[in-house]
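Chemist: Residue numbers (this note's numbering), protein chains in the order written: chain A, 418 to 667; chain B, 61 to 311.
Even glycine gets a Cβ: it sits at the ideal position worked out from N, Cα and C.
Below is one structure. I have some questions about it.
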């Protein structure tokens, strides 16, 4: 009951927008320009087999793999930059610069290099998700309380002890935040890459539907992508709540 | 014995040194309170003793040996409990032993012992957010004890507590002192707290940089009761200390 009460405002806004969308779609009355929400849901059901059995697994594979590589790379880089300030000085500007590269501009290059294989799409996903993970976790390491660090030093702690016993737990909330930011970004990255060149995936499917002027067909995979991303963020949030019970204590 | 000999120190960002040519000593097993106005350098004394800062000149020795060469001789307890919120009380208290790689069974045994001594035996698996302010300070004190250090550096450990809890914690600390017989250096702003707890009070009255601390013995023996603070000699001492501090305070 409490859960329902908490979500009434957001549910009302979503419902309001859907009703508005439905009315506008009915007024325009041209499904190839603006399909109605009901029309999108119907199309989603009609296309359920290719969407759920072919294209969703393809996109999920790209996002999961890309995210995994980004987590490993991002965490590794954050640890390296924290461990050695010289590495921080050398790499931080490069990481920032990597974010100024427009993904849509570089993605075709990846397709040129790696073809329609999974690698071109994974690379785009990594490019777009790696930055928030590395920077957010690194900021988490930097937010370690100096007094706590000094206390450990007075107990004879080594740099390694300080990292594992203090910095890593301190940065754990940042890590979860980074993952929550990276999940939607990874979906966007995969969709962009699939739009530019792929043989399967929700982005690819959406583009194919566009060439057929199937407005509801364009929206259906987008809705599916959003729902999957929201579900993944919800799962991570639940995991975070279970693991980090002390967030407000820091 | 802790010995400061001609110690000079200043923070690189400050124009004036914190202390210059400072010499004083603290005997083993003593309970010394250090009082002085805010920013006069009391906490810096602790930072120099526990090696977080290095003196620009002079020597700091324990039993004749330079503090830079000694390990685990002092344990620091700051104003905030600084318990790690992701660790249980047991794990927090065990931290100093964990860092010295003490065997797990020994850690558990000592944690159980020390938590019983500080009246927290049922809280080993609780997290810090489940404890009151006074209990957290006692847990932090238990952690300080498990460092095994002979000298405890307590930097305003009770100042963040409410009045009644503070009074209880002061009485509790005196019990711990009579039980463990460790050397205690205690920084406080509270003159009454200093008198109630310490054998000797070191007062910083010099302007910055300070070059000496006046040593004032407290004419009370242990064990002490709160009523002892009403003794005319003690009331006079309290007034005299407040008078000395007031000269330093600029409003």
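#1: Rounded to whole angstroms, what is the Cα-Cα separation between residue 558 of chain A and residue 592 of chain A?
#2: Listing by chain order, which chain B residues have their CB less than 9 Å from the CB of residue 573 of chain A?
#3: Do the region 289 to 309 of chain B and the region 109 to 118 of chain B touch if we need at least three Cβ pairs shorter than 8 Å?
#4: At the 8 Å Cβ level, is residue 502 of chain A part of the contact set with chain B, yes or no?
#5: Report the three-state DSSP secondary structure of residue 101 of chain B (helix, strand or coil).
#6: Inspect the beta-carbon positions of residue 114 of chain B and residue 102 of chain B and report whether they are closer than 8 Å.
#7: Hey, could you find the ends of the alpha helix (DSSP H) residue 606 of chain A is sitting in?
#8: Using only the alpha-carbon positions, how far apart do residue 215 of chain B and residue 504 of chain A sit?
#9: Counting only the same chain and skipping the five closest in sequence on each side, list residues whose C-beta sits under 7 Å from that of residue 638 of chain A.
#10: Excluding the 5 residues preceding and the 5 following residue 222 of chain B in the sequence, name in chain order all residues of the same chain whose CB lies nearer than 8 Å to its CB.
#11: From what residue to what residue does the beta strand (DSSP E) around residue 214 of chain B run?
#12: Are the beta-carbon atoms of residue 483 of chain A and residue 551 of chain A separated by less than 8 Å?
#13: Which partner residues does residue 62 of chain B have in the DSSP bridge list?
#14: Hey, is residue 567 of chain A's beta-carbon within less than 8 Å of any beta-carbon in chain B?
#15: Touch check for the region 537 to 555 of chain A and the region 598 to 608 of chain A: three-plus C-beta pairs under 8 Å?
#16: Output needed for residue 271 of chain B: all residues of its chain with C-beta closer than 8 Å, excluding positions within five of it in sequence on either side, in chain order.
#17: If you check the beta carbons only, do residue 68 of chain B and residue 117 of chain B fall under 8 Å apart?
#18: Between the beta-carbon of residue 569 of chain A and the beta-carbon of residue 582 of chain A, is there less than 8 Å?
#19: Along the chain, where does the alpha helix (DSSP H) that runs through residue 578 of chain A open and close?
#20: Using a Cβ-Cβ cut-off of less than 9 Å, give me the residues of the region 176 to 189 of chain B that come near chain A, in sequence order.
#21: For residue 210 of chain B, which option in B/70, B/88, B/65 and B/71 has the closest C-alpha, if you only look at C-alpha atoms?
#22: For chain B, check one thing: does any of its Cβ atoms lie closer than 8 Å to the Cβ of residue 499 of chain A?
#23: Mapping DSSP to helix, strand and coil, what is residue 490 of chain A?
#24: Whose CA, out of B/250, B/138 and B/75, lies closest to the CA of residue 212 of chain B?
#25: Let me see if you follow: with CB-CB separation under 8 Å, is residue 152 of chain B close to chain A or not?
#26: Does the beta carbon of residue 136 of chain B sit closer than 8 Å to a beta carbon anywhere in chain A?
#27: Cβ atoms of residue 517 of chain A and residue 606 of chain A: under 8 Å apart, would you say?
#28: Taking buried to mean at least 16 other C-beta atoms within 10 Å of its own C-beta, is residue 465 of chain A buried or exposed?
#29: Looking at chain A, is there any beta carbon in it that lies within less than 8 Å of the beta carbon of residue 146 of chain B?
#30: Just grab the DSSP bridge partners of residue 92 of chain B for me.
Modeler: According to the data block:
#1: 10 Å
#2: 131, 132, 156, 159, 160 and 207
#3: No: fewer than three Cβ pairs fall under 8 Å.
#4: no
#5: coil
#6: no
#7: 585 to 613
#8: The C-alpha of residue 215 of chain B lies about 36 Å from the C-alpha of residue 504 of chain A.
#9: 468, 472, 619, 622 and 623
#10: 193
#11: 211 to 215
#12: no
#13: B/86 and B/122
#14: yes
#15: yes
#16: Contacts found: 79, 80, 81 and 82.
#17: yes
#18: A Cβ-Cβ contact shorter than 8 Å links residue 569 of chain A with residue 582 of chain A.
#19: 576 to 579
#20: 187, 188 and 189
#21: Just measuring C-alpha positions, the residue of B/70, B/88, B/65 and B/71 sitting nearest residue 210 of chain B is B/88.
#22: Residue 499 of chain A has a beta carbon lying at 8 Å or more from every beta carbon in chain B.
#23: Residue state, collapsed to three classes: helix.
#24: B/138
#25: no
#26: yes
#27: No, the pair does not count as a contact, with Cβ atoms beyond the cut-off.
#28: The residue in question, residue 465 of chain A, is exposed, as its Cβ has fewer than 16 Cβ neighbours within 10 Å.
#29: Yes - at least one Cβ of chain A is within 8 Å of the one on residue 146 of chain B.
#30: Its beta-bridge partners are B/245 and B/260.
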